[in-house]
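Visitor: Counting in our numbering, the sequence shown runs from 28 upward without gaps.
Using N, Cα and C, we set each Cβ at its ideal position, and we do this for glycine too.
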Amino acid sequence: MGNPAAQPDRSNVLGPGDHLGPYEIVAPLGAGGMGEVYRARDTRLGREVAIKIVAERASHDPKSLHRFEEEAKAVAALSDPNILAIHDFRTENGVSFAVMELLRGESLYDRLAREKLSWRKAVEIGAAVADGLACAHAHGIVHRDLKPANIFLTSDGHVKILDFGLAKAERFEGSESLSKIETASQPGVAVGTIGYMAPEQVSGAKVDARTDIFALGCVLYEMLSGERAFQRSSAGETLAAILRDEPRDLADTDSRLPSTLVTIVRRCLQKNPEERFQSARDLAFDLRSIVNSSGSSPAIRAQTSAQSPRTLWIILGIAIAISAFIGYAISSLRTTAALKSGRLLRRTQRKFTQLTFQSALELYPSLSPDGQSFVYVTDASGHPAICLQRVGGQAVTNLTKNSPVANTQPSFSPDGTHIAFRSERDGGGIFVMGATGESVRRLTAFGYNPSWSPDGSEIVFSSESATANPYVRGSFNATLWDVNVATGKVQLLTKHDGVQPSWSPHGDRIAFWATASNRLQRDIFTIAPHTPNPDQTIVPVTNDPPLDWNPIWSADGKYLYFGSDRDGTTNLFRIRIDERSGEPNGAPIPVSLPAKFAAHFSAARTVEAIAYSSLSSTYAIQEYDFDPEKGAIVQGPSVVFDGSFFFTVFNVSPDGKQIAFSSRGAQEDVFTINADGSDLRQLTDDPERDRVPSWSPDGKRIYFYSDRGGRYETWCIRSD
Numbered sequence: 028m029g030n031p032a033a034q035p036d037r038s039n040v041l042g043p044g045d046h047l048g049p050y051e052i053v054a055p056l057g058a059g060g061m062g063e064v065y066r067a068r069d070t071r072l073g074r075e076v077a078i079k080i081v082a083e084r085a086s087h088d089p090k091s092l093h094r095f096e097e098e099a100k101a102v103a104a105l106s107d108p109n110i111l112a113i114h115d116f117r118t119e120n121g122v123s124f125a126v127m128e129l130l131r132g133e134s135l136y137d138r139l140a141r142e143k144l145s146w147r148k149a150v151e152i153g154a155a156v157a158d159g160l161a162c163a164h165a166h167g168i169v170h171r172d173l174k175p176a177n178i179f180l181t182s183d184g185h186v187k188i189l190d191f192g193l194a195k196a197e198r199f200e201g202s203e204s205l206s207k208i209e210t211a212s213q214p215g216v217a218v219g220t221i222g223y224m225a226p227e228q229v230s231g232a233k234v235d236a237r238t239d240i241f242a243l244g245c246v247l248y249e250m251l252s253g254e255r256a257f258q259r260s261s262a263g264e265t266l267a268a269i270l271r272d273e274p275r276d277l278a279d280t281d282s283r284l285p286s287t288l289v290t291i292v293r294r295c296l297q298k299n300p301e302e303r304f305q306s307a308r309d310l311a312f313d314l315r316s317i318v319n320s321s322g323s324s325p326a327i328r329a330q331t332s333a334q335s336p337r338t339l340w341i342i343l344g345i346a347i348a349i350s351a352f353i354g355y356a357i358s359s360l361r362t363t364a365a366l367k368s369g370r371l372l373r374r375t376q377r378k379f380t381q382l383t384f385q386s387a388l389e390l391y392p393s394l395s396p397d398g399q400s401f402v403y404v405t406d407a408s409g410h411p412a413i414c415l416q417r418v419g420g421q422a423v424t425n426l427t428k429n430s431p432v433a434n435t436q437p438s439f440s441p442d443g444t445h446i447a448f449r450s451e452r453d454g455g456g457i458f459v460m461g462a463t464g465e466s467v468r469r470l471t472a473f474g475y476n477p478s479w480s481p482d483g484s485e486i487v488f489s490s491e492s493a494t495a496n497p498y499v500r501g502s503f504n505a506t507l508w509d510v511n512v513a514t515g516k517v518q519l520l521t522k523h524d525g526v527q528p529s530w531s532p533h534g535d536r537i538a539f540w541a542t543a544s545n546r547l548q549r550d551i552f553t554i555a556p557h558t559p560n561p562d563q564t565i566v567p568v569t570n571d572p573p574l575d576w577n578p579i580w581s582a583d584g585k586y587l588y589f590g591s592d593r594d595g596t597t598n599l600f601r602i603r604i605d606e607r608s609g610e611p612n613g614a615p616i617p618v619s620l621p622a623k624f625a626a627h628f629s630a631a632r633t634v635e636a637i638a639y640s641s642l643s644s645t646y647a648i649q650e651y652d653f654d655p656e657k658g659a660i661v662q663g664p665s666v667v668f669d670g671s672f673f674f675t676v677f678n679v680s681p682d683g684k685q686i687a688f689s690s691r692g693a694q695e696d697v698f699t700i701n702a703d704g705s706d707l708r709q710l711t712d713d714p715e716r717d718r719v720p721s722w723s724p725d726g727k728r729i730y731f732y733s734d735r736g737g738r739y740e741t742w743c744i745r746s747d
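1) To the nearest angstrom, how far is the alpha carbon of SER640 from that of GLU451?
2) Do VAL169 and GLY244 come within 9 Å of each other at the CB atom, strictly closer than that value?
3) For TYR223 and GLU96, what's the separation of their Cα atoms in angstroms?
4) Count the C-beta pairs between the segment 231-250 and the segment 169-183 that are closer than 8 Å, then say yes if the count reaches three, no if not.
5) Return the CA-CA distance between TRP146 and SER286, expressed in angstroms with no decimal places.
6) Would ARG601 and LEU587 be called neighbours here (beta carbons separated by less than 9 Å)?
7) Using 10 angstroms around the beta-carbon of SER581, count the other beta-carbons present and answer buried if the total reaches 16, otherwise exposed.
8) Under the rule that 16 or more other beta-carbon atoms within 10 Å means buried, what is HIS445, buried or exposed?
9) Could you name the residues of the same chain whose beta carbon sits closer than 8 Å to that of ARG549, not counting the 5 residues immediately before and after it, in chain order?
10) Are there 16 or more other CB atoms within 10 angstroms of the CB of PHE628, so buried, or fewer, so exposed?
11) Cβ-heavy atom distance between THR553 and the ligand ATP below 8 Å?
12) Label GLN685 either buried or exposed according to how many other C-beta atoms from any shown protein chain fall within 10 Å of its C-beta, with 16 as the threshold for buried.
13) Which value, in whole angstroms, describes the spacing of the CA atoms of THR521 and GLN527?
14) Let me check understanding here. Comparing Cα to Cα, which of THR383, LYS100, PRO441, PRO396 lies closest to CYS414?
15) Spatial neighbours of ARG198 within its chain, please: C-beta separation below 6 Å, excluding the five flanking residues on both sides.
16) Please report the residue range of the alpha helix (DSSP H) in which TYR136 lies.
17) Cutting at 7 Å between CB atoms, please list the residues of its own chain near PRO481, excluding the five before and the five after it.
18) Buried or exposed: where does LYS727 fall if 16 or more other Cβ atoms within 10 Å of its Cβ makes it buried?
19) To the nearest angstrom, how far is the alpha carbon of THR633 from that of ASP717?
20) Could you name the residues that DSSP lists as bridge partners for TRP580?
21) What residues in its chain sit with their C-beta under 7 Å from that of GLY515, if we drop five residues either side in the sequence?
22) Going straight from the alpha carbon of THR300 to that of ILE554, what length do you get?
23) Look up ILE269 in the DSSP assignment and say whether it is helix, strand or coil.
24) The beta strand (DSSP E) with TYR475 in it runs from where to where?
25) Tell me which residue opens and which closes the beta strand (DSSP E) that PRO226 is part of.
26) Go ahead and pull the three-state DSSP assignment for SER286.
27) Out of LEU277, GLN258, GLY253, which has the shortest C-alpha to C-alpha gap to ALA268?
28) Go ahead and label ASN429 buried or exposed: buried means 16 or more other beta carbons lie within 10 angstroms of its beta carbon, across all protein chains shown.
29) Looking only at C-alpha atoms, which of LEU266, ARG536, ILE551, SER689 sits nearest to GLY609?
30) Under the rule that 16 or more other beta-carbon atoms within 10 Å means buried, what is THR405, buried or exposed?
31) What's the gap between the Cα of ARG71 and the Cα of LEU310?
32) Over what stretch of residues does the beta strand (DSSP E) that includes ALA538 continue unbroken?
33) Check PRO108 in the structure and name its three-state DSSP category.
34) If you draw a straight line from the alpha carbon of GLY704 to that of GLY683, how long is it in whole angstroms?
35) Once you ignore the five residues that flank ALA131 on each side, which residues in its own chain have a CB closer than 7 Å to its CB?
36) Which two residues bound the contiguous alpha helix (DSSP H) that contains ARG237?
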């Protein structure tokens, strides 16, 4: 093995038997980031380790040596299973080196060179990397050189982030050495790997945690599509593409990708850091939500086919059939005169009218200011289109008939001359057109659910869409923005989660709904519209277990109407509010529309009229046979369970023999059913809300969230 006392000669490559202190070199492993890497043995502990020394070409560069030392110190302070662990750092005979855990496996770069990953595997890797980045970011460390070559897949299934050699420490109190990284990596110096650098890196601007999120977006894009997001024929063209171009739509590279996943990657790759995920922890959560969500990625159990030796997979998913029509409610009295001693306006003083009668799905109504006409979305033409109709009339005008893509979420301007809407044309964004469909123009490259300011000069919107089902969210960290209609200037309003905004009639507040930190509650909030502070204080209007969503203002600004399930059905409620402060004055009271599930509320500006969608749904758990060798469904679907139960989340037992799910409605309880559709059993039966069941690893218990203790907590019950 060589002379134990022999010291390495820096003029030659280290060889077996050379020693660096107590570490004996076994074999070279390659080069990474700022140094060369060797397999070695710790003679004191008898374990194998990896040793990384500064490469000869960089050993005379004080900045490189300094960065190497700071990498080792910074990473050694981290403790995360997704970050390569540093055991020791020392200098022996003028040779500085770090001692790291020895990994067995391959880099993501090598894996991608061999094969294209399934989207599930890509999401699994991406979520693990996001977890590791979240740990580093929590310690004030930005990687700045994340790429497939710096992501390692171990033979036992773990994911490790390597090479923090370009890492930048943003905040370490009392550390002079780490403060020097700030100057060594100062704005104006572009450091990173071409193809994975964020726009702010390319331009030499200040970097932060969101720079790593952009790089991870590039890695996710590459794993999912098999191609690099911004690859061009030369380095200069690639850098220019990062600054000015959008990557090819991920959905075009693989039509099987979940739309939520495509949206997540698109958000990671936004040019403006403010439009990306603001934390790696949230990104990790959203990635895992795709796999765990029954709507985006069906749960899976294994079964051996009797006709074939290959393994078939059974895919379980929720199938939802929805029908909807547009309803119209108008009060014969003004809101101010409708309340007497806090009592609700009597039903005899309201008029309800069904406005649409097509067999197609009809959603997102928006009343004109005078309440005489409305626009809405229908899929009668084969894809979502925006149509115009008179209240009480049956003539329908398709305003987007010349567009082959989805156009949704229309919103009449305060003067009734224009319509803002979400469109998927040109990559998607907020668009504006005339009230009869003319003069279409794009305002933003992202956004959903637009709402006009009272003077028509601005539009507030969310970075995430609110669908017909408030129980399901694509993520839990949407942000609110406003855009100047004349100039197109976009401004972030709040970093707080927020969707489906609504501007108050006098312009004082913007109402929206958001998901609470426990991921279960949905509540109504308001913010001031023109405070240039994304961290501004938000005012809660509701804060209790019922689901509250889709707020809209009364014409006089004295009430907020909103959807809620607080009486057992998803219906309309209202609460008195101070429009200037956004503070509620009293408790919510029901309006009680004649619908089992009312959604997408819209109020006229000059009369007390509200339009809404009345939805009826049937739900089913379906089973498909999936052949992993062919990568295709070979049989199905067959119905495991269906009926009038309203449920959105289910979970398959570890042995694949049972399914647990929670119901929604007047009472929310946990149920189980055999995978063949037999033996439906109700496990909980009480007025509390029991949600999101999940099996224990041994299948003997089911864990679920419940508000039976006054707030949402995790509870468990025996599965038998």
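Guide: Let's see:
1) 22 Å
2) no
3) 24 Å
4) yes
5) 12 Å
6) yes
7) buried
8) buried
9) PRO497, TRP540, ALA541, THR542, ALA543, LEU574, ASP575, TRP576
10) buried
11) The ligand content of the structure shown is nil, which means the ligand ATP is not present either.
12) buried
13) 14 Å
14) THR383
15) In this prediction, ARG198 scores a pLDDT of 33, lower than 50, which makes its location untrustworthy; no coordinate-derived value is stated.
16) 135-141
17) PRO441, TRP530, PRO532, HIS533, GLY534
18) exposed
19) 42 Å
20) LEU587
21) LEU470
22) It should be pointed out that residue 300 corresponds to Pro in this sequence rather than to Thr. Cα-Cα distance, rounded: 22 Å.
23) helix
24) 475-479
25) No beta strand (DSSP E) holds PRO226; the alpha helix (DSSP H) holding it covers 226-229.
26) helix
27) GLN258
28) exposed
29) ARG536
30) buried
31) 41 Å
32) 537-542
33) coil
34) 13 Å
35) It is worth fixing the name first, because residue 131 is Arg in this sequence and not Ala. Cβ within range, chain order: THR181, SER182.
36) 236-252
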